[in-house]
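So the structure is just underneath, and the comments pick up after that.
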Amino acid sequence: MDIKRIKQDFPIFNQQVNDEPLTYLDSAATAQMPNSVLNAIEYYYRHDHANVHRGTHTLAQRATAAYEQARQKVADFINANQTEEIVFTRSTTESLNWVAQGLTKMINPGDVIVATVMEHHSNLVPWQQLAKRTGAKLRLIGLNDQQELDLDDAKRKIDAKVKIVTIAHASNVLGVINPIKELSSMAHRVGACMIVDGAQAVPHLPVDVQDLDADFYAFSGHKMLAPTGIGVLYGKMEWLKRLEPSQFGGEMIGQVTQQTATFKPVPWCFEAGTPNISGAIALGAAIDYLNQFGMDQIADYERQLAAKAIPRLLAIDGLTLYGPHDHHTGVLAFNLAGIHPHDAATALDLEGVAVRAGHHCAQPLMKELGVDATLRASLYLYNDQKDLDRLILAIKATKEFFENGFEQA
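Sequential numbering from 1 applies to the sequence shown in full-length UniProt numbering.
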């Protein structure tokens, strides 16, 4: 991959931050957008801006066609069985909340929901609330000694009482990819619904929802080169038909009388009101951009970059890297002994290096790791060896400052 050329596709890199070249290592929070995506947004607003599925005039027809074409691109990208299995939402968070709300009637007191200790709050709190509403129990699968998912613990906890298994495809902290296909098999053996948080997976590796055998799979556009405010919920048609809509109003209805209403078929019954039309179109453009490289190539490049970063990070005295050290996604969470992550992140920012600091919306995992917060550098297809060099130099400069202070000449 020609990273120098790829960087030129992203106008945000044509700037300095704190008089230093921008080294953006926070793509796990939000990825940057290439020109082609920005142009798609602008083109829609300049030429086709109208509401979808409602008007018969030319602009409305063009907007609807572009919106539904984006749905087809998403379906192809993750290998859905049919386009109608793709529901547009605002985010991964909204997608998971819709599933948790829509499945309420199938959960009874004493039923069990299984998640993991590494889940993002978006894939934990909705299930806590579902358990609270219904009298169900929530079990969390733990970690093994390598800070990967403990599959023996998973086998113990996914038993005949389990109705829902919900797990992140890739951790937003530990840099691990969970064996979703194997976990789906465990869930389906006991008749449970398998739900996957794919926010950290779809942007970085090939995802085939049919091969994974996920019943629901959720992800966000803003982590895969698209704007914020657009998300996707994939569901097997049989499960989408069982899912009750969580929002009601315009566009999702079939017929409405003074006392009753019928709804459109899947997926439009879930998309009440005016959707994020430009966001969906931009997500389609982002998929076009990723497809020119291929997700296999992107995943391989990121693995190679992470493999180069890990030994350099581990060579820094006092640095603790979380997750397995022999293999890793592009998510690298670490701490520096004696330096609070927020202080370290501020110091790195002064060097032009943008990383995340905090609990990463994963407080149960932080407790499991024995920390309150970590630093997190996250890589994407536009990062290169120079970005790693700047990160390492900035970490060393930060350690030097906090250990020895600032010396004036």
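By construction, the Cβ of each residue, glycine as well, lies at the ideal position given by its N, Cα and C atoms.
Just so it is clear, the structure is predicted and the values come from calculations on it, not from any experiment.
(request) Rounded to whole angstroms, what's the CA-CA distance from Leu348 to Leu393? Just pull it up for me. (result) Here the question's residue 348 lines up with position 348 in the sequence shown. Here the question's residue 393 lines up with position 393 in the sequence shown. If you take the alpha carbons of Leu348 and Leu393, they lie about 9 angstroms apart.
(message) Measuring CB atoms only, is the stretch 289–306 touching the stretch 43–60, in the sense that at least three cross pairs come out at less than 8 angstroms?
(response) Too few Cβ pairs lie closer than 8 angstroms, so no.
(request) Let me know if Gly191 comes out buried or exposed under the rule of 16 or more other beta-carbons within 10 Å of its beta-carbon. (result) Against the sequence shown, residue 191 aligns to sequence position 191. Exposed is the call here.
(request) Could you pull out every residue in the same chain whose Cβ sits closer than 8 angstroms to the Cβ of Val117, ignoring the five residues on either side in sequence? (result) Translated into the one-based positions of the sequence shown, residue 117 becomes position 117. Exclusion of the five residues before and after Val117 leaves Leu140, Ile141, Gly142, Leu143, Pro364, Leu365, Glu368 as the residues of its chain whose Cβ lies within less than 8 angstroms of its Cβ.
(request) Please go through the same chain and pick out, in chain order, the residues whose beta-carbon is closer than 7 angstroms to the beta-carbon of Tyr289, but skip the five residues on each side of it. (result) Against the sequence shown, residue 289 aligns to sequence position 289. Pro34, Ser36, Val37, Leu225.
(message) For Ile6 and Leu381, what's the separation of their Cα atoms in angstroms?
(response) Position 6 of the sequence shown holds residue 6. Position 381 of the sequence shown holds residue 381. Straight-line Cα distance between these residues: approximately 8 angstroms.
(message) Mapping the DSSP letters down to three states, classify Arg62 as helix, strand or coil.
(response) Position 62 of the sequence shown, counted from the first residue, corresponds to residue 62. In the structure shown, Arg62 sits in a helix (DSSP, three-state: H, G or I).
(message) Measuring straight from C-alpha to C-alpha, what distance separates Gly279 and Ile339?
(response) Working through the sequence shown from its first residue, we reach residue 279 at position 279. Working through the sequence shown from its first residue, we reach residue 339 at position 339. When rounded, the separation of the alpha-carbon atoms in Gly279 and Ile339 is 39 angstroms.
(message) Using only the alpha-carbon positions, how far apart do Leu243 and Asp2 sit?
(response) Locating residue 243 in the sequence shown gives position 243, where the first residue counts as 1. Locating residue 2 in the sequence shown gives position 2, where the first residue counts as 1. For Leu243 and Asp2, the gap between their C-alpha atoms comes out near 44 angstroms.
(message) Taking its Cβ as the centre, do 16 or more other Cβ atoms sit within 10 Å of Phe248, making it buried, or is it exposed?
(response) Taking the sequence shown and counting its residues from 1, the one referred to as residue 248 is at position 248. By the Cβ neighbour-count rule, Phe248 is exposed, with fewer than 16 other Cβ atoms within 10 Å of its own.
(request) Measure the alpha-carbon distance for Lys236 versus Thr83 and round it to whole angstroms. (result) The count along the sequence shown starts at 1 and reaches residue 236 at position 236. The count along the sequence shown starts at 1 and reaches residue 83 at position 83. Distance between the alpha carbons of Lys236 and Thr83: 11 angstroms.
(message) Buried or exposed, going by whether 16 or more other CB atoms sit within 10 Å of the CB of Arg390?
(response) Residue 390 sits at position 390 when you count from the first residue of the sequence shown. By the 10 Å Cβ count, Arg390 comes out buried.
(message) Quick check on the DSSP output: what are the complete beta strand (DSSP E) runs of length 3 or more inside the stretch 257–308, in order along the chain?
(response) Every unbroken stretch of the beta strand (DSSP E) spanning 3 or more residues and falling wholly within the stretch 257–308 is given here in chain order: 261–263.
(request) Tell me Glu20's beta-bridge partners as DSSP assigns them. (result) Within the sequence shown, the letter at position 20 stands for residue 20. In the DSSP output, where bridge partners are listed per residue, Glu20 has Val17.
(message) According to DSSP, is Tyr43 part of a helix, a strand, or is it coil?
(response) The count along the sequence shown starts at 1 and reaches residue 43 at position 43. When DSSP states are grouped into helix, strand and coil, Tyr43 belongs to the helix group.
(message) Could you tell me the alpha carbon to alpha carbon distance between Val165 and Ile253, rounded to whole angstroms?
(response) Residue numbering aside, residue 165 sits at position 165 when the sequence shown is read from its first letter. Residue numbering aside, residue 253 sits at position 253 when the sequence shown is read from its first letter. Each residue's Cα considered, the two are about 31 angstroms apart.
(request) Under 8 angstroms by Cβ, that's how I've got Asp387 and Thr23 pegged, so tell me the actual separation to the nearest angstrom. (result) As a position in the sequence shown, residue 387 is number 387, starting the count at 1. As a position in the sequence shown, residue 23 is number 23, starting the count at 1. Indeed they touch by this definition, with Cβ atoms about 5 angstroms apart.
(message) Strictly by DSSP, which residues pair up with Val194?
(response) Locating residue 194 in the sequence shown gives position 194, counting from the first residue. In the sequence on display, residue 194 carries Met and not Val. The partner list for Met194 (beta bridge, DSSP) reads Val165.
(message) Please report the distance separating the alpha-carbon of Pro324 from that of Gln255.
(response) Start at 1 with the first residue of the sequence shown, and residue 324 comes out as number 324. Start at 1 with the first residue of the sequence shown, and residue 255 comes out as number 255. Answer to the nearest angstrom: the Cα atoms are 54 angstroms apart.
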